[in-house]
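Undergrad: Chains S and G are the protein sequences, given in the same order.
Everything in the first sequence is counted per the working numbering, starting at 3 for the first residue and increasing by one.
Everything in the second sequence is counted per the working numbering, starting at 2 for the first residue and increasing by one.
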Amino acid sequence: MAAITLTINDKQVSAEDSQTVLNVAQEQGIPIPTLCHLEGVYDVGACRLCLVEVAGVNKLLPACTTKAAEGMVVRTESERLRKYRRMTLELLFAERNHVCAICVANGNCELQTMACNQGMDHVRYDYCFPKWDMDLTHERFGMDHNRCILCTRCVRVCWHIEGAGTKNVAGRGARSHIITDMFQPWGTAESCTSCGKCVMACPTGALFERGSTTAEMQRDRTKLEFIVTAREKKQWIA
Amino acid sequence: MDRLKVATIWFGGCSGCHMSFLDLDEFLIDLADKIEIVFSPVVDAKEYPENVDVCLIEGALCNEENLEWLHKIRKRTKAIVAFGDCAVTGNVPTMRNALGLNNDVNVLDRAYRECADHNAGIPNEAGIVPTLLKRVVPIQEAVHVDLFLPGCPPPADRIKSLLVQVLEGKSPVLEGADLKFG
Numbered sequence: 003m004a005a006i007t008l009t010i011n012d013k014q015v016s017a018e019d020s021q022t023v024l025n026v027a028q029e030q031g032i033p034i035p036t037l038c039h040l041e042g043v044y045d046v047g048a049c050r051l052c053l054v055e056v057a058g059v060n061k062l063l064p065a066c067t068t069k070a071a072e073g074m075v076v077r078t079e080s081e082r083l084r085k086y087r088r089m090t091l092e093l094l095f096a097e098r099n100h101v102c103a104i105c106v107a108n109g110n111c112e113l114q115t116m117a118c119n120q121g122m123d124h125v126r127y128d129y130c131f132p133k134w135d136m137d138l139t140h141e142r143f144g145m146d147h148n149r150c151i152l153c154t155r156c157v158r159v160c161w162h163i164e165g166a167g168t169k170n171v172a173g174r175g176a177r178s179h180i181i182t183d184m185f186q187p188w189g190t191a192e193s194c195t196s197c198g199k200c201v202m203a204c205p206t207g208a209l210f211e212r213g214s215t216t217a218e219m220q221r222d223r224t225k226l227e228f229i230v231t232a233r234e235k236k237q238w239i240a
Numbered sequence: 002m003d004r005l006k007v008a009t010i011w012f013g014g015c016s017g018c019h020m021s022f023l024d025l026d027e028f029l030i031d032l033a034d035k036i037e038i039v040f041s042p043v044v045d046a047k048e049y050p051e052n053v054d055v056c057l058i059e060g061a062l063c064n065e066e067n068l069e070w071l072h073k074i075r076k077r078t079k080a081i082v083a084f085g086d087c088a089v090t091g092n093v094p095t096m097r098n099a100l101g102l103n104n105d106v107n108v109l110d111r112a113y114r115e116c117a118d119h120n121a122g123i124p125n126e127a128g129i130v131p132t133l134l135k136r137v138v139p140i141q142e143a144v145h146v147d148l149f150l151p152g153c154p155p156p157a158d159r160i161k162s163l164l165v166q167v168l169e170g171k172s173p174v175l176e177g178a179d180l181k182f183g
């Protein structure tokens, strides 16, 4: 690992060349909005909320999957970025059926919080109102595709923390969706260990504990952190 | 100075936003010196007047009558406020859209035929029961909306924050705790 120097928002910062731009910014206390990023699992750049401007590159790059490089000049706040973040959020809301008022995650939802923080007071696009079902076949957990933003956090924790590999993405484009095992009801997915990590990881109300009602669903991410710390640092810190 | 002419109307919603408006409590008395409610479910006017300054619209667009009123209001009003989540996002009334994007027929089938124990049949009284729109949409999908006041319902303090800014002649900005859906 080599030490490098890059510039974020006119400030020179040191980093290691293995780090991502997001990682460096977070260490420096520079806020970059994220939705699909989750500490402890690898990044996929799915949500496009963390897009940043990099000098010399015409397109916007996701901070979570872009490696920091020597001499890189990064900007995390600009009119252009704010415009695209807001657009991304509005498209996420328009794509599925997000009804905050009756959602289990109301008040504890990262999508809802992000929209408010980014000043989204309405959606300028026509809502799609797609038809999606709920999967309530698992004895402890439920999955409501209407509220899913396809961040794939659940898939990543399932494969890379629990190692069960129950959750997957099927379909293409707007019909992409999360499935369990061989596209079968969650309750019949034999690989599922019912560990609940996917439920803890979900940023919205798409995955929830059965029996929780409006605004009751709170996530306990410390359990995920505990496992990741134990695995990577061999420290069992509760 | 003339008082600000304010109207409120209730489309496809639960009236919770209007309840929240009434929750302004004693501020309503201060407000009475500064605004005149010219049309609202809480006053007796039958016809929507001309030259209204601000109209708070609660509810999503569900039927032809909502749409007619909305167009009339747009013509006669300077600033339209989408008042609450149903007006801003469609919210709960849009759950009808799960029955398909052209659900005006099958939603009635579901309610009055499939679920009926007695006298199955769709109510149809021309001029009395308004025709449903093909799907429920938020009001900004039909007309230009000037201000958005989200919340289900927007708490009284949030309504106050918006009205105070309007009365001070500012172009209102809601942020922090004043900007939240649900």
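The C-beta atom is built at its ideal place from N, Cα and C for all residues, glycine as well.
Let's test the definition: count the other Cβ atoms within 10 Å of the Cβ of Thr182(S) and tell me whether it reaches 16, buried, or not, exposed.
TA: Along the first sequence, read from residue 1 onward, the residue named residue 182(S) stands at position 180. Label assigned to Thr182(S): buried.
Undergrad: Provide the residue span of the alpha helix (DSSP H) that contains Met202(S), from first to last.
TA: Here residue 202(S) refers to the residue found at position 200 when the first sequence is read from its first residue. That run of the alpha helix (DSSP H) goes 199 to 203.
Undergrad: In chain order, what residues of the segment 161 to 183 of chain G put their CB closer than 7 Å to some CB of chain S?
TA: Within the segment 161 to 183 of chain G, the qualifying residues are Leu175, Glu176, Leu180, Lys181, Phe182, Gly183.
Undergrad: Within 8 Å (strictly less), CB to CB, does Lys133(S) reach chain G?
TA: In the first sequence, the residue the question calls residue 133(S) occupies position 131. It does: the Cβ of Lys133(S) has a partner Cβ on chain G nearer than 8 Å.
Undergrad: When we look at the beta-carbon of His72(G) and count the other beta-carbons within 10 Å, is it buried (16 or more) or exposed?
TA: Working through the second sequence from its first residue, we reach residue 72(G) at position 71. Per the 10 Å Cβ criterion, exposed.
Undergrad: Am I right that Val146(G) and Ile81(G) are in contact with their C-beta atoms under 8 Å? What's the rounded C-beta distance?
TA: One-based indexing of the second sequence puts residue 146(G) at position 145. One-based indexing of the second sequence puts residue 81(G) at position 80. Indeed they touch by this definition, with Cβ atoms about 5 Å apart.
Undergrad: Would you please state the rounded distance, in angstroms, between the beta carbons of Cys56(G) and Thr78(G)? I believe it to be under 8 Å.
TA: For the purposes of this step, residue 56(G) is taken as residue 55 along the second sequence, with counting starting at 1. For the purposes of this step, residue 78(G) is taken as residue 77 along the second sequence, with counting starting at 1. At roughly 5 Å, the Cβ-Cβ gap stays under 8 Å, so Cys56(G) and Thr78(G) are in contact.
Undergrad: Is any beta-carbon of chain G found at less than 8 Å from that of Gly144(S)?
TA: In the first sequence, the residue the question calls residue 144(S) occupies position 142. Output row for Gly144(S): interface = no.
Undergrad: Listed from N- to C-terminal order along the chain, which residues in the segment 39 to 60 of chain G have their beta-carbon within a distance smaller than 7 Å of any beta-carbon of chain S?
TA: Going along the segment 39 to 60 of chain G in chain order, one finds no residue with a Cβ nearer than 7 Å to chain S.
Undergrad: Count the other C-beta atoms from every protein chain shown that fall within 10 angstroms of the C-beta of Ile163(S), then say buried if there are 16 or more, exposed otherwise.
TA: As a first step, residue 163(S) is located in the first sequence; it is residue number 161 there, counting from the start. Buried: at least 16 other Cβ atoms inside 10 Å.
Undergrad: Could you check whether the Cβ of Asn98(G) sits closer than 8 Å to any Cβ belonging to chain S?
TA: If you number the second sequence from 1, residue 98(G) lands on position 97. So, interface residue.
Undergrad: Looking at chain S, which residues of the segment 78 to 103 of chain G have a Cβ within less than 8 Å of any of its Cβ atoms?
TA: Residues Ala83, Asp86, Val89, Thr90, Gly91, Asn92, Val93, Thr95, Met96, Asn98, Ala99, Gly101, Leu102.
Undergrad: Taking DSSP as the reference, what is the three-state secondary structure of Ser80(S)?
TA: Counting from 1 along the first sequence, the entry for residue 80(S) is found at position 78. Three-state DSSP puts Ser80(S) in coil, outside helix and strand.
Undergrad: Looking only at C-alpha atoms, which of Ala191(S), Trp161(S), Met184(S) sits nearest to Ala203(S)?
TA: By 1-based counting over the first sequence, the position of residue 203(S) is 201. The option with the nearest alpha carbon to Ala203(S) is Trp161(S).
Undergrad: Count the other C-beta atoms from every protein chain shown that fall within 10 angstroms of the C-beta of Ser16(S), then say buried if there are 16 or more, exposed otherwise.
TA: As a first step, residue 16(S) must be located in the first sequence, where it is residue number 14. Exposed: under 16 other Cβ atoms inside 10 Å.
Undergrad: Please list, in chain order, the chain G residues whose beta carbon lies closer than 8 Å to that of Tyr44(S).
TA: By one-based count along the first sequence, residue 44(S) stands at place 42. In chain order: nothing, as chain G lies at least about 31 Å away.
Undergrad: Look at Gln120(S) and Arg88(S) and say whether their C-beta atoms are less than 8 Å apart.
TA: Here residue 120(S) refers to the residue found at position 118 of the first sequence. Here residue 88(S) refers to the residue found at position 86 of the first sequence. For Gln120(S) and Arg88(S), yes; Cβs fall inside 8 Å.
Undergrad: According to DSSP, simplified to helix, strand and coil, what is His179(S)?
TA: Sequence index remark: in the first sequence, residue 179(S) carries index 177 (1-based). His179(S) falls in the strand class under three-state DSSP.
Undergrad: Is there contact between the segment 96 to 113 of chain G and the segment 135 to 143 of chain G, where contact requires at least three CB pairs shorter than 8 Å?
TA: Contact between the segment 96 to 113 of chain G and the segment 135 to 143 of chain G is present, because at least three Cβ pairs lie under 8 Å.
Undergrad: Could you work out which residues of chain G lie near Asp128(S), taking near to mean beta carbons separated by less than 8 Å?
TA: Counted from its first residue, the first sequence places residue 128(S) at position 126. Going along chain G in sequence order, the residues near Asp128(S) (Cβ under 8 Å) are Val138, Glu142.
Undergrad: In chain S, which residues lie less than 8 Å from Phe12(G) when you measure between Cβ atoms?
TA: In the second sequence, counting from the first residue as 1, residue 12(G) sits at position 11. Per Cβ cutoff of 8 Å: no residues; Phe12(G) is ~16 Å from chain S at best.
Undergrad: According to DSSP, simplified to helix, strand and coil, what is Leu134(G)?
TA: Counted from its first residue, the second sequence places residue 134(G) at position 133. Leu134(G): strand per DSSP, three-state reduction.
Undergrad: Give the secondary structure of Glu66(G) by DSSP, where H, G and I count as helix, E and B as strand, and everything else as coil.
TA: The residue given as residue 66(G) occupies position 65 in the second sequence. The answer is helix: DSSP assigns Glu66(G) an H, G or I state.
Undergrad: From the DSSP secondary-structure annotation, give me the bridge partner or partners of Glu18(S).
TA: Here residue 18(S) refers to the residue found at position 16 of the first sequence. DSSP lists Ala5(S) as partners of Glu18(S).
Undergrad: Counting only runs that start and end within the segment 138 to 183 of chain S, where is the alpha helix (DSSP H) found for 4 or more residues in a row?
TA: If we require 4 residues or more, the alpha helix (DSSP H) runs fully inside the segment 138 to 183 of chain S come out as 155 to 159.
Undergrad: Whole-angstrom Cβ separation of Ala65(S) and Leu24(S), contact assumed at under 8 Å?
TA: Mapped onto the first sequence, residue 65(S) falls at position 63. Mapped onto the first sequence, residue 24(S) falls at position 22. With a Cβ gap of about 4 Å, Ala65(S) and Leu24(S) count as contacting.
Undergrad: Which bits of chain G does Asn108(S) rub up against, with CB to CB less than 8 Å?
TA: Taking the first sequence and counting its residues from 1, the one referred to as residue 108(S) is at position 106. Here the neighbours are Gly183.
Undergrad: Does the CB of Phe171(S) have a neighbour CB from chain G at under 8 Å?
TA: One-based indexing of the first sequence puts residue 171(S) at position 169. Here residue 171(S) turns out to be Val, not Phe, going by the sequence shown. No, because no Cβ of chain G sits closer than 8 Å to the Cβ of Val171(S).
Undergrad: Along the alpha helix (DSSP H) that carries Cys153(G), what are the first and last residues, could you check?
TA: In the second sequence, the residue the question calls residue 153(G) occupies position 152. It is not in any alpha helix (DSSP H) - Cys153(G) carries neither H nor E in the DSSP assignment.
Undergrad: Could you give the distance in angstroms between the alpha-carbon of Ala232(S) and the alpha-carbon of Arg212(S)?
TA: Position 230 of the first sequence holds residue 232(S). Position 210 of the first sequence holds residue 212(S). Answer to the nearest angstrom: the Cα atoms are 29 Å apart.
Undergrad: If Ile19(S) and Ala70(S) are in contact, beta carbons under 8 Å, what's the gap, nearest whole angstrom?
TA: If you number the first sequence from 1, residue 19(S) lands on position 17. If you number the first sequence from 1, residue 70(S) lands on position 68. A quick correction: the sequence has Asp, not Ile, at residue 19(S). Correct: roughly 7 Å between the Cβ atoms.
Undergrad: If Thr22(S) and Thr90(S) are in contact, beta carbons under 8 Å, what's the gap, nearest whole angstrom?
TA: If you number the first sequence from 1, residue 22(S) lands on position 20. If you number the first sequence from 1, residue 90(S) lands on position 88. Contact flag wrong, Cβ pair sits at about 19 Å.
Undergrad: Determine, for Gln220(S), whether the minimum Cβ-Cβ distance to residues of chain G falls below 8 Å.
TA: Here the question's residue 220(S) lines up with position 218 in the first sequence. It does not: the Cβ of Gln220(S) has no partner Cβ on chain G nearer than 8 Å.
Undergrad: Give me the DSSP bridge partner(s) of Cys56(G).
TA: Numbered from 1 along the second sequence, position 55 holds the residue referred to as residue 56(G). Beta-bridge pairing links Cys56(G) to Ala8(G), Ile81(G).
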